[in-house]
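Residue numbers for the sequence shown follow this note's numbering, beginning at 70 and rising by one. Glycine included, C-beta positions come from ideal geometry on N, C-alpha and C.
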Amino acid sequence: MKIFTCAVCGQTLYFENTTCGKCGHALAFLPDRGVLTAVDSAPNDALVAVDRKLAGAKYRPCGNQVDHGACNWAVAFDDDDRFCVACRLNQMIPNLADPNAMEAWLKLERAKRRLVYTLMELGLPVEPRGEGERGLAFSFMQDEPGQEKVFTGHNDGLITINIAEADAPFREKTRQELGEAYRTLLGHFRHEIGHYYWDRLIEGSKYLARFRELFGDPDADYEAAVERHYAEGAPSDWPNRFVSSYASMHPWEDWAESWAHLLHMIDTLETARSFGLALQPKPVGGRMEKQIAIRRVQLEHFDDLYAAWVPMTLALNSLNRSMGLPDLYPFVLSTAAIEKLRFVHEVIVGEANG
70 MKIFTCAVCG QTLYFENTTC GKCGHALAFL PDRGVLTAVD SAPNDALVAV
120 DRKLAGAKYR PCGNQVDHGA CNWAVAFDDD DRFCVACRLN QMIPNLADPN
170 AMEAWLKLER AKRRLVYTLM ELGLPVEPRG EGERGLAFSF MQDEPGQEKV
220 FTGHNDGLIT INIAEADAPF REKTRQELGE AYRTLLGHFR HEIGHYYWDR
270 LIEGSKYLAR FRELFGDPDA DYEAAVERHY AEGAPSDWPN RFVSSYASMH
320 PWEDWAESWA HLLHMIDTLE TARSFGLALQ PKPVGGRMEK QIAIRRVQLE
370 HFDDLYAAWV PMTLALNSLN RSMGLPDLYP FVLSTAAIEK LRFVHEVIVG
420 EANG
């Protein structure tokens with residue numbers, strides 16, 4: 070994630086901001102330009118970018134911002150769609166008359182916009198259903214009495230997420246029950262979108278043979294694999310072969326977990342790069358380590374990305390422990406897992422370069 074500044078006062082902004090915390094100016098994210106910027110109101114409900122580099126570009130607020138105060142992305146003024154490029158992916162949202170559902174939906178939307186930002190930055194195809202044969206849609210649903218339980222998952226371009234996942238205590242309880250090291254809303258989005266891109270980028274493609282070498286047979290019985298995983302658990306040697314225990318269930322899950330993990334790496338390192346971060350560890354009683362200038366990391370080169378990732382995660386975990394918090398990055402990557410991440414990176418870069 071890049072960092073943005075207010076065009077009026079120069080204050081550093083968070084991606085989710087709707088107003089500048091220093092000068093109070095209204096903000097909007099312009100997805101066609103990839104910037105969060107100060108905007109002024111204009112006639113006909115228009116928003117005009119303040120930044121001189123944007124030459125007074127005109128937009129409209131997203132319909133979900135107008136109706137619910139739920140989105141800080143803008144719509145190009147001449148675009149006929151009422152919703153921004155992220156919100157138009159929604160196929161179903163929960164009953165917003167329920168305050169708890171409304172709160173959960175707002176959290177889901179924030180995570181989804183961060184996902185869509187990364188996908189667009191990577192040059193990956195993001196079209197809603199109805200605009201292409203292989204379009205994408207999201208369904209945010211809640212469990213209802215007497216109805217079938219809602220399961221988070223992906224099916225033929227439709228990503229369904231149970232809004233209960235937006236509740237931190239519920240999510241933490243589930244994480245502990247399943248023995249997971251990491252469980253977040255953004256992690257769910259990144260995992261499920263990995264399934265979507267397997268369908269779009271791997272199935273029937275030039276990458277399929279290499280996928281089989283690294284991940285296994287995608288045609289293996291999925292239902293049987295799920296049943297076996299929950300009955301027997303992950304194999305004892307899973308850390309030597311997979312990025313997570315869940316990845317050991319089936320080649321599809323191995324791909325989705327690896328995809329999500331690479332997006333964690335890319336987004337975190339882009340943020341660190343935007344801050345101009347550099348690391349030069351100096352262990353007590355040891356020699357000064359070589360400086361890692363993350364501000365110069367080339368994210369399109371996997372070796373460069375991975376070389377910066379290891380010292381970065383050591384620093385992040387140490388900072389968290391200094392605050393009495395769990396490790397921010399509770400993973401150890403094996404050689405096999407790294408090669409899978411390299412392959413996912415190759416596919417993404419290949420797609421971006423046409």
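According to the DSSP assignment, K181 belongs to the alpha helix (DSSP H) that extends over P168 to E190. In the displayed model, F98 falls within a strand according to three-state DSSP. N141 sits in coil when the DSSP states are folded into three classes, being neither helix nor strand. Contact check for P163 against F207 fails: the beta carbons are separated by 8 Å or more. Pairing R129 with F146 gives a Cβ-Cβ distance under 8 Å. Between R310 and A250, the CB-CB gap reaches or exceeds 8 Å.
No Cβ-Cβ contact shorter than 8 Å links K127 with V119. By a beta-carbon distance limit of 8 Å, G103 does not contact E196. Their separation comes to about 18 Å. Fully enclosed alpha helix (DSSP H) runs of no fewer than 4 residues occupy 320-343 of the region 309-357, in order along the chain. Listed in chain order, the alpha helix (DSSP H) elements of length 4 or more contained wholly in the region 207-262 are 237-247. DSSP places R129 in the strand class (E or B) of the three-state scheme.
No Cβ-Cβ contact shorter than 8 Å links R240 with R259. Looking at the DSSP output, M161 sits in a beta bridge with S208.
Judged by their CB atoms, A329 and H264 are not nearer to each other than the 8 Å cut-off. In the structure shown, F400 adopts coil according to DSSP, grouped into three states. Judged by their CB atoms, V108 and A97 are nearer to each other than the 8 Å cut-off. Per DSSP, the beta-bridge partners of T88 are A95.
A289 sits in coil when the DSSP states are folded into three classes, being neither helix nor strand.
Straight through space, the alpha carbons of Q216 and E415 are spaced by roughly 42 Å.
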